[in-house]
Structure formats: C-alpha cells, structure tokens
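Position in the sequence shown (first residue = 1) + 297 = this note's numbering.
Comments concern the structure below.
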Amino acid sequence: MSYPTFELLRSQTIDALKIRVEEYRHKVTGAQHIHLAADNNENVFLVALRTVPHDSTGVAHILEHTALCGSQKYPVRDPFFMMVRRSLNTFMNAFTSSDWTAYPFASQNQKDFNNLLDVYLDAVFFSRLDELDFAQEGHRVEFAEADNPNSDLVFKGVVFNEMKGAMSSVSSQVWHTLCKYLYPTSTYHYNSGGEPEDIPNLTYQQLQDFYRTHYHPSNAIFMTYGDIPAAAHQEKFETQALSKFEKLDEVISVGDEKRYHAPVAVEEAYPLDENDAEDIEHKNHVVVSWLLGKTTNLDESLEAQLISNILLDNSASPLQQALETSELGQAPSPLCGLDDSSREMAFVCGLEGCTLEDAAKVEAMILDIMQKVADEGVPQEQIEASLHQLELSQREVGGDGYPYGLQLILTGLTSATHRGDPIALLDMDAALENLRLKTQNPHFIQETVRKWLLDNPHRVRLTMRPDLKMNGRIQAAEIARLAQLKASLSDEEKQIIIARSHALQERQLQQDDESILPKVGLEDIPANLHYTAGSHESFHNFPLRRYSAGTNGLVYQQITCKLPALTDEQISLLPYYSICLTELGAGDKDYLANQRWQAEVVGSIHAFSSIRGAGDDVQKIDAYLTLSSKALSRNSAAMNDLMKNTLLNVRFDELGRIRELIAQNRARREQSITGHGHSLAMTAACAGMSPAAKVSHQLGGLEGIAAVKTLDNSLDDEKNLANFAAQLNAIHQLVLQAPKQFLIVGEQEHLDSYRDDLKARWPNETTHTDFASFDLAPVSETIREAWIANTQVNFCAKAYPTVPSEHPDAAALTVLGGFLRNGYLHRAIREQGGAYGGGASQDSNSAAFRFYSYRDPRLSETLKDFDDSLIWLQETDHQWQSVEEAILGVIGSIDKPGSPAGEAKSTYQAELFGRTREKRELFRNRVLAVTVADLKRVANTYLVPEKASIALVTHAGHKELAEKMGLTLKTC
C-alpha cells in the first residue's frame, strides 16, 4: 500500500536478493520512490538529486557540503555533524558523483531512523545556504594575518583543501584528464568535485541558482531499504517536504556524448615532487580508453562487464597478462577496467611506469591483444569462469563496508539517475541467463570485441608525463592570482575581508541550541552486544569453527596457521610472502593455470598476516597467517582442493612472476599516500609504542613504502631476485610446520557437507613439538618524524602511549577520542583550519591515543590545536550530554552490523587473539559507565607532553619548517 499522494507503478520480488522492489511516483511533483522491502531492521534511506555541472568549480560538491550547514526547521550551524553524535546510525554521509549528489543514512533503531530522516529532508529541500557557510565549506580569501591588510591573501575552504589533496593523487589526475577527452561535450568533461584552480571562480549566487534548479523533488530520487513499509516513509516525505512543492518543468539530464569519427592521442603533464625524480623517464602513464554503450541498457552493460572480465579479471586473462608481463611499463594502470558510473560506459586499460617514446607501442600492444581475441576467441572455460564471477558477485550479501541495503540502492541508482530501469539492474538472473545463451554462439566474444573496441572510433590514448617544475608553477600562479586580487582591492574591500573573517570565526564559535535537534540517548541502546556464535569442535586434531549465516548460497572458508618464529629479515618480507602465496603457481600448475583455476571455482582467494598485542600487555604479541576464500556452495569441494594445493604446493620458482608482483605492489603502495595519509601518519607516530605498532609501520606503513621501493630496485639483479625467492620459500617451509585451524561460514543446511569436504582432504594434524611461535622484542621510544611525499596537502599525527583493551581505562580513552573531536577538534581543525578532517582515537591494539588531521593546509598550528584540545578538556565545565554523545558514537561503532559472513569472520579473528564475548561485553559496559571525571583523569594520566610522538606527511616545500620543528626528515 502507498500513501495517498503516491501511486504504485510496479512491484517485483527478487528471490536471489530476498527483497521485494516497489516503484512509486509522487503524484504532484513526479518524485520517484524506489523501496526495497526486506526482512532487515537496518533500514536505509537515500535521496539523490541529479546534479549536472557545466564547469569544474565544484558547485555540486560545495553545495553538498553547504546544504548540511543548517535548514529552516533546524537553524543550527552544523546539524549534520551534530546528528552524527546524537545518533546510533550505522552509516551517515553525503557524497557527490559525476552526475548525482546523494544523502544516505542507515540505522537499526527506528526512533533514530526517523530523527535522521527529519533532519535530512529539511537539509536537502529547505537548506539555509548561509553565505558564511559557503565561505567555510567552499572557498574564501583571508589575509595570512587575519587582521593585517598588508599581509598576503590566501585561499581557504574545506572543499578547496579537500580537492587539493584529492588531485595530489596521480591516478586521480590521469582519470580526470582522460575524462576531459573521452567526454568532450557532456558533464563528465568537468571535475564535479572541483579543480583547485577553478573552485575560487564559483560565486555565492551561482551556488544558490544551482540549488534552486537541482534540489527540487521533481529532480529527486528517494530510495529506501528495510522492514519499514513504503507508506510510512512516504507519509514523512509528504508532510515534511513534498507537500510544499509543485512540479518543476525543467528536466535535468545528461545528453548523448558527441562521438569521435577517429581515435585521438593526447599528451599532458602531471606534477611530480623532486624527491621522486629518480628514474623519471619511466614515470609516464599511458592509458587507452573507449566510450561504450549506455548504462541504462542492461544487455549492453552485461556484455561490457563480460568483455572486461574476460580481458582483465586475472593474470591469465589475455589483456591483463600482456599488461603485467610487458617490458613497456612497470605495472598495469590502476584505472584498468570498466567504468559504469556515467550515462555511457568507458573501458580503460594501460600501463604506468612507461617511457614517453613507448606510448604508441603500448596502444599497439593493446590493440594487438584485442585483435587476437577477435580472430581466435577465448576458450569456453574462460567464458564460463567470467559468467561464474558475475553470478557470484550478484548473489553475495555484502555489508562490511557500506550497509547491504545501501549497496543494493547504489546498484540501481545510476540507472535511476538516467531514467532507466533500476529494478533490472537488481534482478539480473534472467539477464545473466540470456547472456549465458548468447555465449553459446562461438563467435559472440569475437563479435562483441570488434563491435565495442576494435571497430569503435571513439578511442582516446592519453599519455601523462611527469613535470618536476609543475607544482612550483601552480603555486606561483596561485600566489600571483592572489597578489593581483589584493592589488585591486580598495581599503574598504580589505576591511570587508577582515570583517567577514571575524564574522565567520564568531559563527564557528557560537553555541547553538542543540535541543532543537532530535536525539537518542543511552536508554535507546540495546542492553547486550550482538554476538555471532559459532561451534567449537575439531576434526583429525584440527580445531574447527563453524558459523551458520544467511550467505545466499555462498560458502566462506579460512585456514589459519600460527605464525612461526622469523628473523628480522624474514619479518620484513611477510607482506610479499602473503601476496605471492595466492598469485604463483602450485604443484604442476604454473601461475597462469592457477589463476584460471581460481576464476573457475572461487570468487576470491588471498592471504594475510595478523600481528596483535595481548589484551592485557601490548608488549606481548600473538600472530597468525590466514588463507581466506569464498565460493558458491556448489563449488565447496573444488575450493577445498584449491586452498589445500595453494598452501601445500605453492611454487617459488617463477622468478619472472615474482618480479612482476613486487613491481605492481610498489606501484599500488606509492599511490596510497594521498588517500590514506592520516592513517600512515598515525601508524608512524605510534611505531615506538608497541612491537605490533612498530611492525605495522615497517610492513604496511610509510617505512614499508620506502622499503618496497628499495626492494623493487634491487630485484633488477637476477641474483638478488633468486635470493629473494629463496627467502620467501624459507618462510613458507616454516609456515608448513605451524599448527593449523579452520573456519567455515555458510547456511545451516550445508555446514555438515562443508565439514565433510574438509575432513576428506586434511588427514591427521602432525604435531611439531619443536615449533617456535612468532615473537617480537619489546618497544618503547618516542618518534618525531616528517615524511616527504608527492602531496599538495599535509597529514598530521600526534600519539601518546596508553593502555591495552582489557585495562579499565581503555574504555574512557576510547570515549575521549570522540569527545575531543565533537567538542573541539572538528571546529578547530576542519571549520577554522580548513582541513578536510581531523579527530582523535584510542587504538587499544597499540595501546596508543592518536590525534590526526586529513588533507590539512597547516602543520604546527594543527599540532597546537591537538594540545589546546587537552587544555579545553580540563578547563571547561562540560555537560553530561556531550559525554553521552561520545558514548553513543563508541557504542554505535561496536554494535555496527556487518555482512552475515563478515560478522562471523570478525568474531573468529577476534577470538583467535583472546577477544572473547565476555571481554568485549565487559569493554562495552565500561564504555556505558564513563563519566566526565573519567575523561579528565585519563587525559591527565596518559596524555602528557614528554611522552608525545609526532609524525607528519607533507611536501618538499615544508622541509625547512619540519626541521625547525625538530623533526627528522624521511622520504617514502
């Protein structure tokens, strides 16, 4: 049943996803409502607006930020972030795509869901769009010395700095430059997030005009998921928003792209820091891309996915194999694959680490591979493997990153944005069967490759070359632009800038009446921790844990080995061992045959090591190696064969393959800095606080990035490569002697057969009495480092040694992180400082309390903000509500649901390290009991200046400043 102002257009049950999809239309405005009815109390809401910018000023992105800064019903300065801490949400965000802007949230508590819905509806459709909020979130100019009109002008703004950070990523620059040529006339030609040099061109009036035309119910798509009926949602949509609007005649849409009649080849530059100048002639990126069919055409979309999968899915796929083994570059481009997020799809492939002279050769190699596929086709078993991967991805129940309901909603959103059929993208069983029938035609793959690729003239070859002086020119242009602006200002205009700076600061410091916002309290928190129980059993002397979960026909399995004692050199090679374990050949299969086998029987297979401190003493550690895989239920036995063969018979004699894997790992790790700089900085700052924290920095942190560069360079020598392979094999021989245990996650009716599959393949466990477990020496030192990287923004971290998870103070320290963020750091670092983000958190695995900032224009000022937050904590008379809000945030993260399989795997891994249900319940109860006095006490006890460690990630221009701050310079 629908609410009277809505009409039901259609309803369809999708058994494979256990949902019923209902499509409605609002009778007056034409607003679309798609409801995914499911037996799931994690209800999800999303409202999306079609946003189609015609420049790179970032208007849609800045509007997304500014719309959340106060509305008619909730005229407080920051209702979005206030609600984050007044809620038990399991997800809450807003994001801007290339052609839509969406405001989603999820909650398991219906009171909380309705609270958030009230705030979101008012924010989207009745935003105040205060000009000072535009200045804060978008861009503004201020004097470097706020009250001194003789000082230099500077650009500030959250989005301005966010995009400076985002565009520090080379892969982001390659992608946005490619879109400029692949989409010459449509909205995708522009950077919807905003180019830093274009953002200051956006005016407040343009922002308001864009809001009036785009943020209207006639241009909106409402999407919901869960067990709240559609009519209940619609009643709120109507009474709180839609009843106040009439239909908008203007139709916002993206038109067809103008197609090229012949391929084009272009070359542009990207900025490279002088610290990365080594081997600069091999730091070019070459990508080739085709514009394909429409995402709203399900048949064309599936054909494109199939072809992309056949060409690129794994190292045995023809194009992926050619890219990985080519001497023309270091590694396949991170852009390789199908992009189906726009109205018309794009297929991209290429190499990074090329010479400029080889650009045409890279394109010729790619075309040769496609011509070979068009002439000869591919084996039928490879087509079946690709269809198998499509089926598995359709069936899997997600929810470990985004809520599962939100994943389903986002699946249908692109089609809905372009007025296609979102239900078709969800109910894919019939379409997949149709595709399977098409592939019975022996010429189907050849014909499709010719149609979409070889005979498609809308092809772009982009070469991006490094330029060591480009960053300097960009900075000089910004300085000159600001100097020119300052020279044009009258005295009166200078005073206006100063006055606005004061007005913004006053607005940021004002105390709003938060009581006008709805909230939940501690009384709304579930009494007990949600716990996923598993069996405790064994077979053939192997410990086994089995978990029953609603996995929709998938089975998940892990083999866990106690990590053996290793030398320091062997420890440094652990990440590469984990990578190689599932990427090399095994037994009589070379790596290509093994990759084909994997694609045929599993959805994924990978290995990882886990090293953690004990719950009562982080100087004592425990460590495991896990081999993890998933498969469709019918492939359980085959998955067992694959996992056993992988673990027992992996081959370390494929030296060329090992060389490729390290080069690819280096490329990925180097690109990770701008997206994860705050995490890397925190890891570095904590490296002196526990053995596990130190090894995390050495293996997965900035030290690890520096190490993989050195390793990669050394492996050009054949003797070094052979020695490296021998070292990996030596680690493996030790792992084979380690005690093993097993995990199975699946549907209850299949668990016994899954166990029988295991028993048939693993005979009695042999006990090795001389087995020595992994161990690390105790660590306690202070870190003061500045890491120089290719970035336009900074990432700051400051850390203090504290206590592990079982200590009574761990709960108060965990609450303290949210308390400082909510009450002080968000305002000081983000709103006033202009960073994209900042906060604090307790890491009980490292026994460390960490402050951080993300994409930050400042350095020493941010470190001072960290210190000032502790002064604020001690000197302010805090209200209980602020403590309650911080507790809600911690409980929300503890109680946040994952996927059915993800929850089981998380419980299994936690209990490996002694994190039992009882200990987790005790920690949760301690969190609920935290007081203001506890927060002040633990801060006084542990967060003392002489114990602080500092790590920064910054650019070469800040070397002198970092040295003046007493920091040791390091390069990653």
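All C-beta atoms in this analysis are idealised placements derived from N, C-alpha and C, irrespective of residue type, glycine included.
*Report yes if the CB atom of S483 is closer than 7 Å to the CB atom of V551, and no otherwise.*
Position 186 of the sequence shown, counted from the first residue, corresponds to residue 483. Position 254 of the sequence shown, counted from the first residue, corresponds to residue 551. Yes, the pair counts as a contact, with Cβ atoms nearer than the cut-off.
*When you compare only the Cα positions, how much space is there between R437 and E641?*
Looking up residue 437 in the sequence shown gives position 140. Looking up residue 641 in the sequence shown gives position 344. Roughly 35 Å separates the two Cα atoms.
_Where W1177 falls, given that 16 or more other Cβ within 10 Å makes a residue buried_ = Here the question's residue 1177 lines up with position 880 in the sequence shown. It counts as exposed.
*Those runs of the beta strand (DSSP E) which lie wholly inside the region 571-633 and span at least 3 residues*: Taking only runs of at least 3 residues, the beta strand (DSSP E) segments lying wholly in the region 571-633 are 581-591.
*Is it right to say K991 is buried, meaning 16 or more other beta carbons lie within 10 angstroms of its own, or is it exposed?*
On the sequence shown, position 694 is the one that residue 991 refers to. Buried is the call here.
*Can you list the alpha helix (DSSP H) stretches of 4 or more residues lying completely in the region 488-519, in chain order?*
Secondary structure remark: continuous alpha helix (DSSP H) runs of at least 4 residues inside the region 488-519, in chain order: 501-511.
*Based on Cα-Cα distance, which residue from L314, N1061, R931 and I918 lies nearest to E897?*
Looking up residue 897 in the sequence shown gives position 600. With distances taken between Cα atoms, E897 lies closest to R931.
*Kindly indicate which residue of E624, S1190, A313 and I1085 has the alpha-carbon position closest to the one of S381.*
Within the sequence shown, the letter at position 84 stands for residue 381. Position check: residue 381 holds Val in this sequence, whereas Ser was assumed. When each option's Cα is compared against that of V381, the closest is S1190.
*Inspect the beta-carbon positions of N838 and W587 and report whether they are closer than 7 Å.*
If you number the sequence shown from 1, residue 838 lands on position 541. If you number the sequence shown from 1, residue 587 lands on position 290. No, the Cβ-Cβ distance between N838 and W587 is not below 7 Å.
*Please go through the same chain and pick out, in chain order, the residues whose beta-carbon is closer than 8 Å to the beta-carbon of Y321, but skip the five residues on each side of it.*
Position 24 of the sequence shown, counting from 1, holds the residue named residue 321. Contacts found: S299, F303, E304, L305, L306, Q329, H330, I331, H332, A527 and Q531.
*Please report the residue range of the beta strand (DSSP E) in which A982 lies.*
Numbered from 1 along the sequence shown, position 685 holds the residue referred to as residue 982. From DSSP, A982 is part of no beta strand (DSSP E) but of the alpha helix (DSSP H) over I970 to A982.
*Classify N1237 as helix, strand or coil using the three-state DSSP reduction.*
In the sequence shown, counting from the first residue as 1, residue 1237 sits at position 940. It is helical.
_Check whether chain C comes within 7 Å of G490, counting only Cβ atoms and requiring the distance to be less than that._
In the structure shown, chain C does not exist; there is a single protein chain.
_Other residues of its chain near G717: CB distance less than 6 Å, five sequence neighbours each side excluded_ = Numbered from 1 along the sequence shown, position 420 holds the residue referred to as residue 717. Non-local C-beta neighbours of G717 in its own chain, meaning closer than 6 Å and more than five positions away in sequence, comprise T593, ordered along the chain.
*Does DSSP put W397 in a helix, in a strand, or in coil?*
Here residue 397 is taken as the residue at index 100 of the sequence shown, counted from 1. Residue state, collapsed to three classes: strand.
_Pairwise C-alpha distance: A364 and G1131_ = What you label residue 1131 is simply residue 834 of the sequence shown in a count that begins at 1. What you label residue 364 is simply residue 67 of the sequence shown in a count that begins at 1. C-alpha separation (whole angstroms): 18 Å.
*Around the C-beta of K453, are 16 or more other C-beta atoms found within 10 angstroms, so that it is buried, or is it exposed?*
Sequence index remark: in the sequence shown, residue 453 carries index 156 (1-based). Around the beta carbon of K453, a 10 Å sphere encloses 16 or more other beta carbons of the protein chains shown; the residue is thus reported as buried.
*Exposed unless 16 or more other CB atoms sit within 10 angstroms - verdict on R770*: As a first step, residue 770 must be located in the sequence shown, where it is residue number 473. R770 should be labelled exposed.
_Between which residues of its own chain and L729 is the CB-CB distance below 8 Å, once the five residues before and five after are set aside?_
Position 432 of the sequence shown, counted from the start, is the residue given in the question as residue 729. Hits under 8 Å: L599, L684, L687, E688 and Q691.
*Report buried or exposed for G462, applying the criterion of at least 16 other Cβ atoms within 10 angstroms of its Cβ.*
Locating residue 462 in the sequence shown gives position 165, counting from the first residue. With a 10 Å radius around the Cβ and a threshold of 16 neighbouring Cβ atoms, G462 comes out buried.
_In the DSSP assignment, the beta strand (DSSP E) including M642 goes from what residue to what residue?_
The residue given as residue 642 occupies position 345 in the sequence shown. Counting along the chain, the unbroken beta strand (DSSP E) around M642 starts and ends at E641 to C651.
*Which parts of the region 804-883 are runs of the beta strand (DSSP E), unbroken and 3 residues or longer, counting only runs that do not cross its ends?*
Within the region 804-883, the complete beta strand (DSSP E) runs of at least 3 residues fall at 834-836, 839-845 and 851-859.
*G696 beta carbon less than 7 Å from that of G1186*: Residue 1186 sits at position 889 when you count from the first residue of the sequence shown. Residue 696 sits at position 399 when you count from the first residue of the sequence shown. Contact flag unset, no.
_Within 10 Å of its beta-carbon, does D1213 have 16 or more other beta-carbons around it, so buried, or fewer, so exposed?_
Working through the sequence shown from its first residue, we reach residue 1213 at position 916. The question names Asp, but residue 1213 is Thr in the sequence shown. By the C-beta density criterion, T1213 is exposed, having fewer than 16 other C-beta atoms within 10 angstroms.
*asked:* One question on the structure: do T326 and S623 come within less than 7 Å of each other, judged by their Cβ atoms?
replied: In the sequence shown, residue 326 corresponds to position 29, counting from 1. In the sequence shown, residue 623 corresponds to position 326, counting from 1. Cβ distance not < 7 Å, so T326 and S623 don't count as in contact.
*Alpha carbon to alpha carbon, what distance is there between Q1206 and A1198?*
What you label residue 1198 is simply residue 901 of the sequence shown in a count that begins at 1. What you label residue 1206 is simply residue 909 of the sequence shown in a count that begins at 1. Going by the C-alpha atoms only, they are around 12 Å apart.
*With DSSP as the reference, label P1098 as helix, strand or coil.*
To locate residue 1098, count along the sequence shown from 1; it is residue 801. Strand, per DSSP.
*Looking only at DSSP bridge pairs, what is I316 linked to?*
In the sequence shown, the residue the question calls residue 316 occupies position 19. BP columns for I316 point to I311.
_Pair within 7 Å by beta-carbon distance, I680 and T736_ = Looking up residue 680 in the sequence shown gives position 383. Looking up residue 736 in the sequence shown gives position 439. Yes, the Cβ-Cβ distance between I680 and T736 is below 7 Å.
*What separation, rounded to the nearest whole angstrom, lies between the Cα atoms of Q563 and G972?*
What you label residue 563 is simply residue 266 of the sequence shown in a count that begins at 1. What you label residue 972 is simply residue 675 of the sequence shown in a count that begins at 1. With the sequence shown as reference, residue 563 is identified as Val, and Gln is not the correct amino acid for it. When only Cα atoms are considered, V563 and G972 end up about 27 Å apart.
*List the whole-angstrom C-beta distance separating V451 from E439, where the pair is believed to meet the contact cut-off of C-beta under 8 Å.*
The sequence position of residue 451 within the sequence shown is 154, counting from 1. The sequence position of residue 439 within the sequence shown is 142, counting from 1. Indeed, because the Cβ distance is near 6 Å, the residues count as touching under 8 Å.
*If you check the beta carbons only, do E621 and S612 fall under 7 Å apart?*
As a working mapping, residue 621 is identified with position 324 in the sequence shown. As a working mapping, residue 612 is identified with position 315 in the sequence shown. In this structure, S612 lies closer than 7 Å to E621 by Cβ.
*Secondary structure at L385, three-state DSSP: helix, strand or coil?*
One-based indexing of the sequence shown puts residue 385 at position 88. In this structure, L385 counts as coil in the three-state DSSP scheme.
*May I ask you to check if the CB of A982 is nearer than 6 Å to at least one heavy atom of the ligand MG?*
Among the components modelled here there is no ligand, and therefore nothing to report on the ligand MG.
*Whole alpha helix (DSSP H) runs in the region 1237-1268 with 4 or more residues, listed along the chain?*
The region 1237-1268 contains these whole alpha helix (DSSP H) runs: 1256-1261.
*According to the Cβ coordinates, are L589 and M667 closer than 7 Å?*
On the sequence shown, residue 589 is found 292 positions in, with the first residue counted as 1. On the sequence shown, residue 667 is found 370 positions in, with the first residue counted as 1. Against a cut-off of 7 Å, the Cβ pair of M667 and L589 comes out as no contact.
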